[in-house]
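*Asks:*
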Amino acid sequence: MSEEQKSSAPGEAPTPGFVPRIQVFEPHRASLPPLGSYLREFWKRRSFALELARFGDKAEYLESNFGKVWLILNPLLLAMVYYLLVAVLRGGAKSATGLTTLAHILIGLFTFYFAQNVINNGAASITAGGRLILNQAFPRTLLVLSSSISSFWQFLPTMPVYIVVVVIGKYFYPKTKLPLFNLSYVWIPLIIILLAITSFGLALIFATMNVYFRDTSKLLAYTTRIWLYASPVLWLPSMVHGWQRSAIFINPLGPALAATSNVWIEGKAPTHAEIIMMFVWALIALCAGGYFFISRERDFAVRI
Amino acid sequence: MTTSKTIKVKTASGMIDFPTDMAVRIEDLSITYKINVDTKRTLKNAIMRASKGEKVRMRTVEAIQHLDLDIPHGSVVGIVGANGAGKSTLMRSIAGIMPPTEGRIIVNGKISTLLALGVGFNPALSGRDNIILGGLAAGLTKEEITAKADEIIDFAGLPEGFIDMPVRTYSSGMYGRVAFSVAVNMTPDILLLDEALSAGDASFKEKSFNRMRELCEEARTIIIVSHALQTVTDLCDTAIWLHKGKMIAKGEPEEIVDKYLAFLKVGKLPTSMEDM
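From first to last, the protein sequence lines stand for chains V and C.
Going by my numbering, the final residue of the first sequence carries number 304, and the count climbs one at a time with no gaps.
Going by my numbering, the final residue of the second sequence carries number 1276, and the count climbs one at a time with no gaps.
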């Protein structure tokens, strides 16, 4: 990005209504463009990211018979498979505990899928936007932002689905302690925002890596599967104690997923450690991802 | 001797005077970049090489070397040169896509580009949707591009009903017409076209030339990269010849084209003038 300058000096009026608009392109310092103008341009063009996400979604589901139903059907079916593995094979599926397990897997998968989609779609966004990158100058972070927005829209309808499942479950198992609509729900927006920032930062790292090494996105498919098993999605955070709890906090998505479980399944506010670590991971991911991505943006046009 | 008015411009080395009649000023521009020359650009390959103590094989490309160029407002500049001469890199650096490694580029005015055929169109979306996206990518607001959409559609002149059909159903000519129409109807002060004038049939080509002549009459600046040398001599008032990142010559288009053809050891054949 350049330092754009406007001047009120009377120009030679080369075109009708011409306003001198100076852009100066100079070598980047420490591989970084002038950050002030970069961030201003990023903010100015946010509607481009929004529309790109909107049109991207439109294009993706135009030719699918089930359209956006797949967005809910996919994690729902996957939740059923994991529920069968975790609850039915272990016994106690047809009980109030079974309902809690199902609800935990469901909300955990929906939330994990949101983070996974932000990371995976973001990782592919730069290589997929090749011609746009070759033709227009704009902050490339907008392409990753666009795929994150798209993933958020895909995540939103899963919340009502969870609530419907719990309402039906509570009708059949009225003795269940599974909470619904309580004060701890006020934490949900903060958890989602911090999880989105963390995932966006990670997406920036993987998007850059994908430009250099084209098998990164393929590798991510396996990495996120292992990541899922290492996260408190198929197991409750309360199932691990002592030093084992560090597994939750050394995982960038762990604190947010543990907090999700606390709010939706236990009906409690996130613990202090979860809140602090959510902020820490969001900050680390955004700063590290932002630096890694922006310092290599110049290369994208020649490596795409 | 005429002296033009100047404005103060902030650069890394301090405030400098910049003539207001100048559209683009390129000062001692060098652009280098590294490319991976490994056949397999994969993480697996990089890890395998690292395990053997080998490095990923890189090559440094000196795409532009110490180039100085002034382009006044209202000029139509043609850039000619063989493949790998640095023409596209130069266009991308003027557009701000590829920042300099050394030197400086000062651009005065709103830029519109058509540097890669397709400009990132989404094949599943209609031409109309892609026009909106193209405008937003170029920095217009949604209101601005929506207001211009009909004008762009009219100019593209697609057969009845095609504008609302997915772009994947378009022929390459129709695809190019929409892309060209978006670029020239952005009311740019500086229009950058890289091999973009071959879009469409003879009638559309004539329409494109007329539109560019209109832009010239409004003193807008056009920079064209083309292997169709006839286009350069027909449209441009100045031409530059790039070779291996260096400017070999600058001057009247006829003279530059003659020098370039002599260098290539080909005469003014229809094939050499239209498509090289």
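Built from N, CA and C at the ideal position, the CB exists for glycine as well.
Everything numeric in this text was worked out from a predicted model, so none of it was measured.
Taking 8 Å as the CB-CB cut-off, is Ala1156/C touching chain V?
*Replies:* Locating residue 1156/C in the second sequence gives position 156, where the first residue counts as 1. False, the Cβ-Cβ gap to chain V never drops below 8 Å.
*Asks:* Entirely within the stretch 1118–1147 of chain C and at least 4 residues each: give me those alpha helix (DSSP H) ranges in chain order.
*Replies:* Complete alpha helix (DSSP H) runs here, min 4: 1127–1137.
*Asks:* Give me, in chain order, the residues of the same chain whose beta-carbon lies closer than 7 Å to that of Leu32/V; leave out the 5 immediate sequence neighbours on both sides.
*Replies:* The residue labelled residue 32/V in the question sits at position 32 within the first sequence. Counting only Cβ-Cβ distances below 7 Å, and skipping sequence neighbours, we find Ile294, Ser295.
*Asks:* Going by DSSP, which residues form a beta bridge with Arg1025/C?
*Replies:* Counting from 1 along the second sequence, the entry for residue 1025/C is found at position 25. DSSP lists Asp1070/C, Ile1106/C as partners of Arg1025/C.
*Asks:* Helix, strand or coil: how does DSSP classify Asp1330/C here?
*Replies:* The shown model of chain C, from 1001 to 1276, leaves out residue 1330/C, and the question about it has no answer.
*Asks:* Is it buried or exposed, Phe300/V, if we count other Cβ atoms within 10 angstroms and call 16 or more buried?
*Replies:* Stepping through the first sequence from its first residue, residue 300/V is reached at position 300. Phe300/V should be labelled buried.
*Asks:* For the structure I just gave you, are there three or more beta carbon pairs, one from the stretch 215–228 of chain V and one from the stretch 141–159 of chain V, closer than 8 Å?
*Replies:* With the cut-off at 8 Å, the stretch 215–228 of chain V and the stretch 141–159 of chain V do not touch.
*Asks:* Anything in chain C within Cβ reach of Thr216/V, meaning under 7 Å, just list it in chain order.
*Replies:* Here the question's residue 216/V lines up with position 216 in the first sequence. Here the neighbours are Leu1043.
*Asks:* The alpha helix (DSSP H) that contains Trp281/V, what's its start and end?
*Replies:* Working through the first sequence from its first residue, we reach residue 281/V at position 281. Note, Trp281/V: alpha helix (DSSP H), 272–294.
*Asks:* Determine the closest residue to Met1186/C out of Gln1230/C, Gly1161/C, Leu1114/C, with distance taken between C-alpha atoms.
*Replies:* Indexing the second sequence from 1 puts residue 1186/C at position 186. It is Leu1114/C whose Cα lies nearest to the Cα of Met1186/C.
*Asks:* Put Thr1032/C into one of helix, strand or coil per three-state DSSP.
*Replies:* The count along the second sequence starts at 1 and reaches residue 1032/C at position 32. Looking at Thr1032/C - three-state DSSP - the assignment turns out to be strand.
*Asks:* Per DSSP, Glu1195/C is paired with what?
*Replies:* Here the question's residue 1195/C lines up with position 195 in the second sequence. Beta-bridge pairing links Glu1195/C to no other residue.
*Asks:* Name the chain C residues whose beta carbon is nearer than 8 Å to that of Leu78/V?
*Replies:* Position 78 of the first sequence holds residue 78/V. Per Cβ cutoff of 8 Å: no residues; Leu78/V is ~26 Å from chain C at best.
*Asks:* Is it a yes or a no for the stretch 230–243 of chain V touching the stretch 162–171 of chain V, going by three-plus beta-carbon pairs under 8 Å?
*Replies:* Segments in contact, no.
*Asks:* Anyone know if the C-beta pair for Arg1041/C and Arg21/V falls short of 8 Å?
*Replies:* As a working note, residue 1041/C is residue 41 in the second sequence. As a working note, residue 21/V is residue 21 in the first sequence. The answer is no: Cβ separation not under 8 Å.
*Asks:* Does DSSP classify Met1276/C as helix, strand or coil?
*Replies:* On the second sequence, position 276 is the one that residue 1276/C refers to. Because the pLDDT of Met1276/C is 44, which lies under 50, any placement of that residue in the model is unreliable, and the question is left without a value.
*Asks:* Report yes or no: is there a C-beta of chain C within less than 8 Å of the C-beta of Ile226/V?
*Replies:* As a first step, residue 226/V is located in the first sequence; it is residue number 226 there, counting from the start. No, Ile226/V does not count as interfacial toward chain C.
*Asks:* So, helix, strand or coil for His1243/C, using DSSP?
*Replies:* As a position in the second sequence, residue 1243/C is number 243, starting the count at 1. Correct three-state label for His1243/C: strand.
*Asks:* When DSSP labels each residue in this structure, what does Ala1082/C get in the three-state scheme?
*Replies:* To locate residue 1082/C, count along the second sequence from 1; it is residue 82. Note: Ala1082/C maps to coil in three-state DSSP.
*Asks:* Of the residues that make up the stretch 1224–1256 of chain C, which ones have a beta carbon closer than 7 Å to any beta carbon in chain V?
*Replies:* The stretch 1224–1256 of chain C vs chain V, Cβ under 7 Å: nothing.
*Asks:* Using CA atoms only, rank isn't needed, just tell me which of Thr1039/C, His1073/C, Ile1064/C is closest to Met1058/C.
*Replies:* As a first step, residue 1058/C is located in the second sequence; it is residue number 58 there, counting from the start. Considering only alpha carbons, the answer is Thr1039/C.
*Asks:* Strictly below 7 Å CB to CB, what residues from chain V border Tyr1033/C?
*Replies:* Walking along the second sequence from the start, residue 1033/C turns up at place 33. What Tyr1033/C touches in chain V: Asp299, Val302.
*Asks:* Per DSSP, which one or two residues make a beta bridge with Lys1250/C?
*Replies:* In the second sequence, residue 1250/C corresponds to position 250, counting from 1. According to DSSP, which records beta bridges pairwise, Lys1250/C is partnered with Ile1240/C.
*Asks:* When the Cβ atoms of the stretch 1089–1109 of chain C are set against those of the stretch 1060–1079 of chain C, are three or more pairs found closer than 8 Å?
*Replies:* Judged by Cβ distances under 8 Å, the stretch 1089–1109 of chain C makes contact with the stretch 1060–1079 of chain C, as three or more pairs qualify.
*Asks:* Determine the DSSP secondary structure at Met1058/C, reduced to helix, strand or coil.
*Replies:* Taking the second sequence and counting its residues from 1, one reaches residue 1058/C at position 58. If DSSP states are grouped into helix, strand and coil, Met1058/C belongs with the strands.
*Asks:* My guess is that Arg948/C and Phe25/V are in contact by the Cβ rule of under 8 Å, so how many angstroms apart are they, rounded?
*Replies:* Within the shown structure, residues of chain C are numbered from 1001 to 1276, placing residue 948/C beyond reach of any answer.
*Asks:* What does a CB cutoff of less than 8 Å around Leu76/V pick up in its chain, not counting 5 residues either side in sequence?
*Replies:* As a working mapping, residue 76/V is identified with position 76 in the first sequence. Here the set comprises Leu106, Val161.
*Asks:* Can you have a look at Ser1172/C and say buried or exposed, based on whether 16 or more other CB atoms are within 10 angstroms of its CB?
*Replies:* Stepping through the second sequence from its first residue, residue 1172/C is reached at position 172. Exposed is the call here.
*Asks:* Where DSSP assigns a beta bridge to Met1011/C, which residues make up the other side?
*Replies:* Looking up residue 1011/C in the second sequence gives position 11. First, the amino acid is wrong: residue 1011/C is Thr here, not Met. Answer is Gly1014/C.
*Asks:* Just curious, the beta strand (DSSP E) that Leu1114/C is in, first and last residue?
*Replies:* As a position in the second sequence, residue 1114/C is number 114, starting the count at 1. 1111–1114 is the span of the beta strand (DSSP E), which, as asked, contains Leu1114/C.
*Asks:* Answer yes or no: does any C-beta atom of chain C fall closer than 8 Å to that of Tyr244/V?
*Replies:* Walking along the first sequence from the start, residue 244/V turns up at place 244. Note that residue 244/V is Gln in the sequence shown here, rather than Tyr. Output row for Gln244/V: interface = no.
*Asks:* Which of the three DSSP states is assigned to Thr1006/C in this structure?
*Replies:* Counting from one through the second sequence, the residue named residue 1006/C turns up at place 6. DSSP places Thr1006/C in strand when its eight states are reduced to three.
*Asks:* In whole angstroms, give me the CA-to-CA distance for Ile133/V and Ile1153/C.
*Replies:* Working through the first sequence from its first residue, we reach residue 133/V at position 133. Working through the second sequence from its first residue, we reach residue 1153/C at position 153. Taking the straight line joining both Cα atoms gives about 24 Å.
*Asks:* Just to make sure I have the definition right: I need the residues of chain C whose C-beta is within less than 9 Å of the C-beta of Lys68/V. Which are they?
*Replies:* By one-based count along the first sequence, residue 68/V stands at place 68. Ordered by position in chain C, no residue passes the 9 Å Cβ test against Lys68/V, which lies about 15 Å from the chain.
*Asks:* So that I know if they touch, is there some Cβ in chain V lying closer than 8 Å to that of Ser1203/C?
*Replies:* Sequence index remark: in the second sequence, residue 1203/C carries index 203 (1-based). With 8 Å as the cut-off, Ser1203/C does not count as an interface residue toward chain V.
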